[in-house]
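Read the structure below first, then the notes.
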Amino acid sequence: MLGKIKEGKTVTLKVSGDTDPGYGCTAKMLTQSALCLAFDLNHNQKGGGFYTPATAMGGALTERLQQYAGMKFEI
375 MLGKIKEGKT VTLKVSGDTD PGYGCTAKML TQSALCLAFD LNHNQKGGGF
425 YTPATAMGGA LTERLQQYAG MKFEI
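Heads up: the sequence shown begins at 375 in the numbering used here, then just goes up one per residue.
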């Protein structure tokens, strides 16, 4: 993925996993998202509304995906 920051520089993010991205990684991401929601978040921290997984769980989900789901995030 590519993005630009305020200074106009380009930032590249590479996401990789240890299994098929369409089947294996999807199951791992869903499982870790559910566990993150159940055990890792302070539910009083956010107000109501609709959140994407990254917005709702942020770093807690990223850590779980790296530790338990065989995923890697490189900037």
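For each residue, glycine too, the CB sits at the ideal point set by N, CA and C.
Next item on the list: Would you give the residue range spanned by the beta strand (DSSP E) that residue 386 belongs to?
Entry: 384–386
Check: DSSP three-state call for residue 448: helix, strand or coil?
Finding: strand
Checklist line | Paired residues, beta bridge with residue 422 - DSSP | finding: Residue 422 is not bridged to any residue.
Note to self: What residue range does the alpha helix (DSSP H) around residue 433 cover?
What the structure shows: 427–442
Notebook entry, point to check: Where does residue 415 sit, in a helix, a strand or coil, going by DSSP?
Noted result: coil
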